[in-house]
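Asks: Please see the structure below; I have some questions.
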Amino acid sequence: MSENLHPLDIGLWCRVFPLAFEVARDHKLPLKEIRPTPAPEDMSKFGCCWPRLGVIHLVLRFKHPQTGEWMGPRPEANVWQTLAHELAHLEEERHSPRFYALLDTLLQDINDRRRV
Ligand SMILES: [Zn+2]
């Protein structure tokens, strides 16, 4: 795990991980596993979801594709948005109207829980 998680992101990860499973449980989303990934195959991707496996990978910060050096952290709000996006893909693979409706619901729920 340590090569995939920057030490400064451990605090955030310790909030993201349990909250992801709480939200998934309450919305009946089949989440099985969530992992931080610093090096998606494509740097334009902030996360990835395999709905049939129930697996989500989430970028908290990137590693430089050539040097492997850690880059700066993503803004925390963006990480939560990506989490909501990938959770929504567990139920709806395409970016359909149904997907965006679920995304809105999940974002609201995540923001509510973060305020508690
Ligand atoms: Zn998407």
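Residues 226 to 341 (our numbering) are what the sequence shown spells out, left to right.
Idealized CB from N, CA, C, for every residue including glycine.
Quick caveat, the model's predicted, so the values are computed rather than measured.
If you check the beta carbons only, do residue 265 and residue 248 fall under 8 angstroms apart?
Replies: No, the Cβ-Cβ distance between residue 265 and residue 248 is not below 8 angstroms.
Asks: When DSSP labels each residue in this structure, what does residue 286 get in the three-state scheme?
Replies: strand
Asks: In whole angstroms, give me the CA-to-CA distance for residue 290 and residue 245.
Replies: 27 angstroms
Asks: Just curious, the alpha helix (DSSP H) that residue 243 is in, first and last residue?
Replies: 235-251
Asks: Check whether the stretch 320-327 and the stretch 292-303 are in contact - that is, three or more C-beta pairs closer than 8 angstroms.
Replies: no
Asks: Out of 313, 335, 287 and 339, state which residue places its alpha-carbon closest to the alpha-carbon of residue 229.
Replies: 287
Asks: Quick one: grab the DSSP three-state call for residue 261.
Replies: strand
Asks: Cβ-heavy atom distance between residue 289 and ligand 1 below 7 angstroms?
Replies: no
Asks: Return helix, strand or coil for residue 232, following the three-state DSSP convention.
Replies: helix
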